[in-house]
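Worksheet: one structure, shown below.
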Amino acid sequence: MSQPSPYFTYSDSLIRRYGAKTYKITLSGGQTCPTRDGTFGPKKGWGGCSFCDVHGSASYFANLRKELPVRMQMEASAGAITKRFKAEKFVAYFQSYTTTHEEIEEFKARYDEAVKFPGVVRLAVGTRPDCLPQEILELLGTYLDRVDVQLELGVQSLNDTVLDWFDRGHDAAAAIEALERALAYSAELKQKYTTHELDVSAHLIIGAPMETDADLIHTARELSRIGVHGVKIHHLHVLKKTKLERRFKNNEFPLLSMEEYFRMIAVFLRHLDPKIVVHRTHGLAPHPEELVGPDWSLQKIHPVEEFKKWMNLNGWRQGDLFQPS
Numbered sequence: 001m002s003q004p005s006p007y008f009t010y011s012d013s014l015i016r017r018y019g020a021k022t023y024k025i026t027l028s029g030g031q032t033c034p035t036r037d038g039t040f041g042p043k044k045g046w047g048g049c050s051f052c053d054v055h056g057s058a059s060y061f062a063n064l065r066k067e068l069p070v071r072m073q074m075e076a077s078a079g080a081i082t083k084r085f086k087a088e089k090f091v092a093y094f095q096s097y098t099t100t101h102e103e104i105e106e107f108k109a110r111y112d113e114a115v116k117f118p119g120v121v122r123l124a125v126g127t128r129p130d131c132l133p134q135e136i137l138e139l140l141g142t143y144l145d146r147v148d149v150q151l152e153l154g155v156q157s158l159n160d161t162v163l164d165w166f167d168r169g170h171d172a173a174a175a176i177e178a179l180e181r182a183l184a185y186s187a188e189l190k191q192k193y194t195t196h197e198l199d200v201s202a203h204l205i206i207g208a209p210m211e212t213d214a215d216l217i218h219t220a221r222e223l224s225r226i227g228v229h230g231v232k233i234h235h236l237h238v239l240k241k242t243k244l245e246r247r248f249k250n251n252e253f254p255l256l257s258m259e260e261y262f263r264m265i266a267v268f269l270r271h272l273d274p275k276i277v278v279h280r281t282h283g284l285a286p287h288p289e290e291l292v293g294p295d296w297s298l299q300k301i302h303p304v305e306e307f308k309k310w311m312n313l314n315g316w317r318q319g320d321l322f323q324p325s
């Protein structure tokens, strides 16, 4: 039996917004990342982020279909999603690697194709804070005459030590600047478009060994102060053929237990503005054969339901320790 949610879920936000079951279709444009291809050079994360594997966070099915044109990827997913979940509307989600890391005309063509697909009500784009020039924001704004747009920035942490450990190649200040600039542009677009909106969210990875409760509280307060529309949380897990795997094998840090992770995200969520949508509270390892650990990363539903149950038993909710600035 599903637990009542102690936080503002993404699915609830979609129902409120669109009045129907709305599901993501995860897409791949075949891009790489500036920390992998040398664009940023060896001093800015050469070799990729420490947690990232060869799939660049792509889902299992998106990775299988990455060579296909966007419409074919969408057709392959939409039928199955509609049949299984009775979905009526879709979010076209470009997720893997850095989706804006190529010539703007190339990803514009993909976005154009995606928003034309029947039932699409939202275009979602994931990218890095340092790969968001104004011209890309302005491009995203042009789609508001047709659909909502969701911009997901890979913030990962607002602790520079953690960001260095992740080999991100940017600092917390760069993430805050990008979020504030995107949110300011979102507010500006509201003056022009009354039907659709630009939603700005932050992607976080929680569970780095040097991350403290004070860091989690600081991150929650900063994101609340800035006014992000959503947060998407991934727990720290270790994949094969990554820098984290080498560090783990050198006994530099332990695997994250589910219980400790629950405690950490509870600290974060309790200090987060309750108006902020929580896209998810943990990540699923999409390629089981490549997971080092923790093993519970292979479970999609159980950790979510157990976390909700644990929060409810303690009488805790998102924002119950939130203090408006």
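Here my numbering is used: the first residue of the sequence shown is 1, the next is one more, and so on. Built from N, CA and C at the ideal position, the CB exists for glycine as well. Model, not experiment: these values are computed from the prediction.
With distances taken between CA atoms, V200 lies nearest to Q150 out of G283, Q150, K24, F262. The C-alpha of P288 lies about 10 angstroms from the C-alpha of K240. Residue range 148-156 is occupied by the beta strand (DSSP E) that includes D148.
Residue burial is scored here from C-beta neighbours: M311 has at least 16 other C-beta atoms within 10 angstroms and is therefore classed as buried. Counted as a single uninterrupted DSSP element, the beta strand (DSSP E) harbouring S201 occupies residues 198-206. Buried is the label assigned to H271, since at least 16 other Cβ atoms lie within 10 Å of its Cβ.
Close CB contacts of E211 within its chain, under the 6 angstroms cut and outside five residues either way in sequence, are with V162 (chain order).
One alpha carbon belongs to K190, the other to I226, and they sit about 17 angstroms apart.
Looking at the DSSP output, L239 shares a beta bridge with L291.
The Cβ-Cβ distance between L153 and P133 does not fall below 8 angstroms. For F94, the enclosing beta strand (DSSP E) starts and ends at 89-94. Distance from the CA atom of F117 to the CA atom of V91, rounded to whole angstroms, is 10 angstroms. For Y23, the enclosing beta strand (DSSP E) has its first and last residue at 22-27. It is roughly 13 angstroms from the alpha-carbon of L204 to the alpha-carbon of L179. DSSP places I301 outside both helix and strand once states are collapsed to three, so it counts as coil. Checking the DSSP bridge columns, you'll see H234 partnered with I205.
The DSSP-derived three-state label of T212 is coil. Here the stretch 273-281 makes no contact with the stretch 251-260; the two share fewer than three CB pairs at distances below 8 angstroms. When secondary structure is reduced to three states using DSSP, H170 falls in the coil class, being assigned neither helix nor strand.
Distances from the alpha-carbon of T242 to those of V292, V125, P324 put V292 closest. Only exposed fits N251, as fewer than 16 other CB atoms lie within 10 angstroms of its CB.
Around I104, the same chain offers E135, I136, L139 as residues with beta carbons nearer than 8 angstroms, after the five sequence neighbours per side are excluded.
Taken atom to atom, the span from the alpha-carbon of S77 to that of V147 is near 20 angstroms. The beta carbons of A202 and V231 sit about 5 angstroms from each other, so the pair counts as a contact at 8 angstroms. In the three-state scheme derived from DSSP, where H, G and I count as helix and E and B as strand, G283 is classed as coil. The criterion of a C-beta distance shorter than 8 angstroms is not satisfied by H234 and H170.
Counted as a single uninterrupted DSSP element, the beta strand (DSSP E) harbouring R122 occupies residues 120-127.
Straight through space, the alpha carbons of A114 and M74 are spaced by roughly 8 angstroms.
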